[in-house]
Amino acid sequence: MAAAYPNMRRIVLLGKNGSGKSSLANTLFGDKDSFNVRHSSNSGTKLCVSETKTIYGRDVQLVDTPGFFDTDPRSTELRLEILKCIVECAPGPHAFLLVMRLERFTILEQMSVALMLKYFSAEALKYTTVVFTHGDDLPEGMKIEDWVNENEDLKDLVQKCGGRCHVFDNKYWNNSQDKVYRNNQYQLQQLLQTIDRTVEKNGGHYTNEILKEVYEKIQEEAKKTEETSSDSLISAFISFVDKWLPWRVWGEVKKPPESSQIKKSSSMDSFVTFKSK
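This is how it looks when you write it as structure tokens:
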């Protein structure tokens, strides 16, 4: 588990499988090996993976999570991986990156947002930045904000995230000669500035009563053992968590409805409700 250094940034990557989360994490770290990238129809991160590196003189912890729908959202496996994400980011992440491909805003993307809210509550939107991958598909001369504004549902989502959005291309923009926009290093600098502004605006990292409770349990276990790795801590209280977590954290996660059951509508609100209960 990462230490809570004052200048450290703890960042969680969320999104459906195939969105490019793992590749984006490697791009942010400037390498190809920190996070495993699989290229297949069944691709994606199956387990929570956390790595920390120094970017522009600051420690940055990236936590790559299982792709939404890569596993049955009701499964114990997914619940435990989300728990591991919480443990890795204790006492709380500074930012969530909701990762999407630069393509039309499909029902799966809408369902991804719904699951994010299910796991972390609507409060997480205050800390969320939407990050698009496959930026080379962005028309020349167009900025990502302009592209977002062409789709009302996507525009609505980004607005609910405080207007925060960025674009990367994990394949073509790493060695781009464009120093202004279509360049991953430029986008990385802009993204880090966005996260800094988000932290300043929110007065710190994301948390809620559930995260505080989990963190207290972690601290209790840490006092009982010299082994303080996140895997060991999870093992130490997993029997407790397995009974407590499904009901205390997010309840029984319902299986996402079949696309045929979802009313077709131009409004995102027909499926996703962003307002806090």
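Its first residue numbered 1, the sequence shown is counted upward by one per residue in the UniProt record's numbering.
We treat Cβ as the ideally placed atom computed from N, Cα and C, and that holds for glycine.
What number of angstroms, rounded off, separates the C-alpha of residue i from the C-alpha of residue j?
| i | j | result |
| --- | --- | --- |
| residue 278 | ARG164 | Limits of the chain in this structure are 1 at one end and 277 at the other, which puts residue 278 out of reach. |
| VAL253 | ARG104 | Because VAL253 sits at a pLDDT of 35, beneath the cut-off of 50, its placement in the model cannot be relied upon, and the following sentence gives the value as read from the coordinates. Approximately 26 Å between the Cα atoms of the pair. |
| GLU140 | LEU80 | 43 Å |
| GLY20 | GLY203 | 30 Å |
| ALA25 | GLY162 | 22 Å |
| HIS134 | ARG101 | 6 Å |
| ILE82 | LEU97 | 15 Å |
| THR194 | ALA124 | 15 Å |
| THR54 | ARG182 | 23 Å |
| VAL130 | ILE144 | 11 Å |
| GLN187 | THR52 | 19 Å |
| HIS166 | LYS84 | 27 Å |
| TYR172 | GLN185 | 12 Å |
| PHE29 | THR128 | 19 Å |
| TRP250 | LEU117 | Since pLDDT at TRP250 reaches only 40, below the 50 mark, its modelled position is unreliable, and the value read off the structure follows with that caveat. Cα to Cα, the separation comes out at about 10 Å. |
| TYR119 | ALA95 | 15 Å |
| SER41 | ASN174 | Since pLDDT at SER41 reaches only 41, below the 50 mark, its modelled position is unreliable, and the value read off the structure follows with that caveat. Cα to Cα, SER41 sits roughly 25 Å from ASN174. |
| SER34 | ASN170 | 14 Å |
| PHE68 | ARG197 | 28 Å |
For residue i, which residues in the same chain have their Cβ closer than 7 Å to its Cβ, ignoring the five residues on either side in sequence?
| i | result |
| --- | --- |
| VAL89 | The sequence shown places Cys at residue 89, rather than the Val named in the question. Answer for CYS89: ARG10, VAL12, VAL63, listed in chain order. |
| THR207 | PRO91, GLY92 |
| LYS32 | ASN26 |
| TRP147 | LEU138 |
| PHE168 | LEU24, THR27, VAL131, THR133, GLY135, ASN184, GLN187 |
Throw me the rounded Cβ distance for the residue i and residue j pair, which I believe falls under 8 Å.
| i | j | result |
| --- | --- | --- |
| THR65 | CYS48 | 6 Å |
| SER112 | GLY15 | 6 Å |
Starting from residue i and walking both ways along the alpha helix (DSSP H), at which residues does that stretch end?
| i | result |
| --- | --- |
| SER22 | 21-29 |
| LEU62 | Run containing LEU62: none in the alpha helix (DSSP H); it sits in the beta strand (DSSP E), 58-64. |
| GLU140 | It is not in any alpha helix (DSSP H) - GLU140 carries neither H nor E in the DSSP assignment. |
| VAL199 | 184-202 |
| ASP33 | It is not in any alpha helix (DSSP H) - ASP33 carries neither H nor E in the DSSP assignment. |
| GLN159 | 152-160 |
Provide the residue span of the beta strand (DSSP E) that contains residue i, from first to last.
| i | result |
| --- | --- |
| ARG9 | 9-14 |
| MET100 | 95-101 |
| LYS126 | Element bounds for LYS126: n/a, residue is neither H nor E. |
| SER112 | Note, SER112: premise wrong, no beta strand (DSSP E); alpha helix (DSSP H) at 107-120. |
| THR54 | 49-55 |
| VAL167 | 165-167 |
With a CB to CB cut of under 8 Å and the five nearest residues on each side skipped, what residues in its chain are close to residue i?
| i | result |
| --- | --- |
| ASN7 | ARG58, ASP59 |
| GLN190 | HIS166 |
| ASN151 | ARG104, PHE105 |
Less than 7 Å between the CB of residue i and some heavy atom of the ligand ATP, yes or no?
| i | result |
| --- | --- |
| TYR181 | Looking at this structure, you won't find the ligand ATP or any other ligand, since it has none at all. |
If I measure Cβ to Cβ from residue i and keep anything under 6 Å in the same chain, skipping five residues before and after, which residues do I get?
| i | result |
| --- | --- |
| VAL199 | HIS94 |
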